[in-house]
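Take a look at the structure below.
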C-alpha cells in the first residue's frame, strides 16, 4: 500500500518523498514494494525508482536523481529532522502506533484506528468495498476484520501463513504458476502448501517470521503481470491520499 501511495504521488508531481522502514521488511508483494531497496540498495516499480539512504543528508542527492528515498528508521526520527509538509502513516500493523497531528501540517492515516480530526487530519479507508479509498475528515475507517478481500471468490484460501515461528525457505519463486496442494515454502522444516491454484503473486523473503505471519499470496487469476504491477486496491488508497493532500493545500484562503 505504501509503495502505491508513493508511486501515485510521484507521478502526480510530488517527488520529494522519503519512506521509513524496519530493518527486515515483511512485505509479501515484493515485486511492487519499494522496501526491497532495504535489501538491494534500490528498487524500481512501474518506472519509479527508490534508493536506500542511511541518513536525511542524503535525500537531496536522491531527489535530484528523481528517486524516492528509503531509510531504515522504525522510530520515524527523520520526521523531526526534515519536518515534512505531509506525513502518511501506511504501516501494516492495522492500528495507530502513536501517529498524531503534531508530526506535520498534514498527517494522514491509512486504515483502522485513526481518528480524524482528533488524532490526525484525515483518514483513508483501506477495506475493500464501496468506501475503499474514501477520505474521512471526521470519524474513522472501518475496523480491521482479519479477512482478506475476495479474489475470484477466494479469501483466506489465497493467503499463505507461517504455521510456526522460524526461517522461511523458498521452494518456488515469485511469479511462478502453482497448483493446489503444491509446497510453496518451508518455515523451518515445516512445509506450507497452496490451498488453491494460480500465480504466486506475493512471496516473503527468506527471513525469520513469527507464527501466523503472512508469507505468500496466490492469485487465482493467474496473470503473471499482476505480480509486478500495483494493485487496484493500492491505487485506490493512493488516490485518497492524493485527494487529501490536494484538498488541504489547494483550499482557498479563509
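Numbering (the numbering used here), first residue to last: 44 to 297. Just so you know, even glycine gets a beta-carbon here, dropped at the ideal spot from N, CA and C.
### Message
Can you check which of these residues, 110, 291 and 252, is closest to residue 89 by C-alpha distance?
### Response
Here the question's residue 89 lines up with position 46 in the chain shown. The shortest C-alpha separation from residue 89 is found at 110.
ask   = Is the Cβ-Cβ distance between residue 254 and residue 198 less than 7 Å?
value = By 1-based counting over the chain shown, the position of residue 254 is 211. By 1-based counting over the chain shown, the position of residue 198 is 155. Result no, Cβ atoms of residue 254 and residue 198 do not sit closer than 7 Å.
Could you spell out where the beta strand (DSSP E) holding residue 120 opens and where it closes? Taking the first residue of the chain shown as 1, we reach residue 120 at position 77. That residue, residue 120, is in no beta strand (DSSP E); its alpha helix (DSSP H) goes 120 to 125.
| residue 63 to residue 173 span [Cα, whole Å] | For this step, residue 63 is matched to residue 20 along the chain shown. For this step, residue 173 is matched to residue 130 along the chain shown. If I take the Cα positions, the gap works out to 30 Å.
Same chain only: Cβ atoms within 7 Å of residue 127, ignoring 5 sequence neighbours per side:
Position 84 of the chain shown, counted from the start, is the residue given in the question as residue 127. The answer, listed in chain order, is 147.
message: Going by DSSP in three states, residue 271 sits in which element: helix, strand or coil?
response: Reading the chain shown from its first residue, position 228 is the one you call residue 271. Three-state result, residue 271: helix.
**residue 186, buried or exposed, once every other Cβ within 10 Å from all chains shown has been counted against 16** = Mapped onto the chain shown, residue 186 falls at position 143. By the 10 Å Cβ count, residue 186 comes out exposed.
3 or more residues per run - each beta strand (DSSP E) lying fully within the segment 182 to 217: 202 to 204 and 209 to 213
What are the uninterrupted segments assigned as alpha helix (DSSP H) that are 4 or more residues long and contained completely in the segment 44 to 127, given in chain order? 45 to 54, 79 to 83, 102 to 107 and 120 to 125
Exercise for the section: May I ask you to list the residues that DSSP assigns as paired with residue 233? Expected result: Numbered from its first residue, the chain shown carries residue 233 at position 190. BP columns for residue 233 point to 230.
Q.
Less than 7 Å between the C-beta atoms of residue 203 and residue 235, yes or no?
A. Numbered from 1 along the chain shown, position 160 holds the residue referred to as residue 203. Numbered from 1 along the chain shown, position 192 holds the residue referred to as residue 235. The answer is yes: Cβ separation under 7 Å.
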